Amino acid sequence: KQPVQHSQILLKSIEICRLYELDTINSNIMRIAGVHHWKHGRKGSGVFWLQQARDEFRLNRIAKQLFDFVGKSV
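Structure (structure tokens):
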């Protein structure tokens, strides 16, 4: 368990996972970081981390939310 709000710890964890070829754990860390950033209002960072994690499911949900929001505002 590592706090995802501290970017240096997050990047160090990702670097360690890449060195030891722990792709699943690396992807999970990035997905957790993406969800955390999204929920705390840092939308761009959230999308970035979800893209890095290749989490199509959550990215599609975010895209649907954004399209619904834009559709209601027009």
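Each residue of the sequence shown is one higher than the last, beginning at 1179 in my numbering.
Just so it is clear, CB atoms sit at the ideal spot from N, CA and C, and this is done for glycine as well.
Here the structure is a predicted model, which is why all the values come from computation and not from measurement.
{"Check": "Which same chain residues end up closer than 6 Å to W1216 when comparing Cβ atoms and leaving out the 5 residues on each side of it in sequence?", "Outcome": "G1224"}
{"Check": "What span of residues does the alpha helix (DSSP H) with G1249 cover, start to end?", "Outcome": "E1234 to S1251"}
{"Check": "Could you check if G1219 is buried or exposed, using at least 16 other CB atoms within 10 Å of its CB as the buried criterion?", "Outcome": "exposed"}
{"Check": "Go ahead and pull the three-state DSSP assignment for G1285.", "Outcome": "Missing from the structure shown is residue 1285; the chain here goes from 1179 to 1252 and no further."}
{"Check": "How about G1212 and A1231: are their beta carbons less than 8 Å apart?", "Outcome": "yes"}
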